[in-house]
Each structure stands twice: as structure tokens, then as C-alpha cells.
Amino acid sequence: MRFALCVFSPLHRVAPSPHRPLPLRFALCVFGTTRQLCYIGFEMKERMSEVKISADHPLRRTFSQLVERNFGLLLDWHDPAVVQYISQLLTDFTHVRNLYRIRDCRGQPMEDVAEMLLEGDLLFRATSPDREYEVKRHIGDFTLFMAGIFPEYVRYVRSSRRIVSPDALLDYVRTGREAYRAVSEFTYGPYEASSPLFRKLSDHFELCLFGLHQVRADLDRMQAEGFRRLRQMLWA
74 MRFALCVFSP
84 LHRVAPSPHR
94 PLPLRFALCV
104 FGTTRQLCYI
114 GFEMKERMSE
124 VKISADHPLR
134 RTFSQLVERN
144 FGLLLDWHDP
154 AVVQYISQLL
164 TDFTHVRNLY
174 RIRDCRGQPM
184 EDVAEMLLEG
194 DLLFRATSPD
204 REYEVKRHIG
214 DFTLFMAGIF
224 PEYVRYVRSS
234 RRIVSPDALL
244 DYVRTGREAY
254 RAVSEFTYGP
264 YEASSPLFRK
274 LSDHFELCLF
284 GLHQVRADLD
294 RMQAEGFRRL
304 RQMLWA
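So the numbering used here is basically just the index in the sequence shown, starting at one, shifted up by 73.
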């Protein structure tokens, strides 16, 4: 199944959800020269709750370059493991089904971090340590992505005069940092190798957010430039 997808655009007052995809300001992104307009399309290999994006998709290269440049040159943080993980995270979360891949016992996608916290707690809903790991890792990813790429949405949720979501009372930064820290404490079996990476993400959560803010700024500039070129072509 082929489809076109814009990268990112600001969230206004509409919360993203599996039923209300991230509102897109633009319908396409433009790469290359004015003679090379490229829709961002890719093959979807779907399972019940997530979408696989091909390994050679141009999104991966784009995000890798943006993250490497901002984290390496701007923050002077040269860590290939961190760059690869965050680049992969951005690529995966361009599809809303990956953003809300955690599902409850009825198979419904979870939209609120508060609900995810219960789902990943062994004292409440988590049925095994593996489930706890899966959900807490996703909480770390979700809060890092939303607070880093869509900080205006997080501000809106927290500053609303009435509680529109259980997340209105959550501190995304603290929640994400603690989630990654919990994941890093899985130091056995298949989890041992990735434990140091999640400790870094926890210890430097705010630094990751700052880097993602710069990535977001670059994406906004890319979108504006792409549409300027397209307008020039159409009206030439």
C-alpha cells in the first residue's frame, strides 16, 4: 500500500490520535532541485499496531543527517548510538500507528501517557517484565518525540484551563526521563546490550530535547523552502 506523507507540522489545538492523525500543514515535501519534486511515499508492511518503513527510504537519510548535524555540530555530542536511535525514532513516528503502537487488552491504541504508565506497571496492568519494558520504552520515546518535535502541543495540554486529557497533570520531561531510566535497569539477557544507551537518554533527556527542537526548526525551514520552489515552478 503506497501513500504520501508530509514530515511534520505544528500542532495547534488538536491532539493527535490514531483517529485524528497529526494535522499536516503541507501535503508534500520537496527534496532536491526544483526539477526533482519527490513525494514522500513508502511501502507499508503492516502488523496489528505498527507500520514498517523500508530501510532505504529517504526519510531515514534525511533524519540521520539532521540529527547528526544538530547533535554533533551544535551540541558537540558525537555519539553514533544516540544519533542512530533518535533518527530511527523520528522515522518510525512519522506514521501515527507507530506513535500509538501500545494497545490495551481490547486492542485499542492508548493515546495518553497516564494510561501507558498504568499499562507498564507490574502492580497494575503489565503481565510480565517484557511488557513492562516494552511500554516504558515507548513512554520514553513518546514523551521525547512530543516534547522535542511538538512542544506547543505539550504546552497546550498543560496550560489548558480545563483538563482535556489525563496528561494535563503530567510532566513529560520527568516522565520520559524516569521511563528511560527504568528501561536502562533491564541489564539481563537481550536487554543488556542496550542498557547503556537508555541510561544516556535518561541522563541527557533535556539535551536530547534541545537537539530535537533544532531538528524541528530545520524541518520547518525545509518545508518553507520546498513550497517556495514549488510556487516558483507553478507560476514561472
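Using N, Cα and C, we set each Cβ at its ideal position, and we do this for glycine too.
Sheet register partners of R176 (DSSP bridge): Residue mapping note: residue 176 aligns to position 103 of the sequence shown, counting from 1. In the DSSP output, where bridge partners are listed per residue, R176 has P182.
Supposed close pair D240, V230 - CB separation, criterion 8 Å: Working through the sequence shown from its first residue, we reach residue 240 at position 167. Working through the sequence shown from its first residue, we reach residue 230 at position 157. Right, their Cβ atoms sit about 5 Å apart.
The stretch 256 to 264 / the stretch 283 to 303 touching (three or more Cβ pairs under 8 Å): no
Endpoints, the alpha helix (DSSP H) within which Y229 is located: Stepping through the sequence shown from its first residue, residue 229 is reached at position 156. First-last of the alpha helix (DSSP H) with Y229: 224 to 232.
Best match in D194, L217, Y158 for proximity to E207 [C-alpha to C-alpha]: As a position in the sequence shown, residue 207 is number 134, starting the count at 1. Answer by Cα proximity: D194.
For S275, the first and last residue of its enclosing alpha helix (DSSP H): Counting from 1 along the sequence shown, the entry for residue 275 is found at position 202. 268 to 276 is the extent of the alpha helix (DSSP H) around S275.
Environment of T310 [buried if 16+ CB atoms lie within 10 Å]: Lying before the first or after the last residue shown, residue 310 is absent from the chain, which here runs from 74 to 309.
Terminal residues of the alpha helix (DSSP H) in which T167 lies: As a first step, residue 167 is located in the sequence shown; it is residue number 94 there, counting from the start. Element bounds for T167: n/a, residue is neither H nor E.
Counted within 10 angstroms of its Cβ, other Cβ atoms place C178 as buried (16 or more) or exposed: The count along the sequence shown starts at 1 and reaches residue 178 at position 105. Exposed, by the Cβ-count rule.
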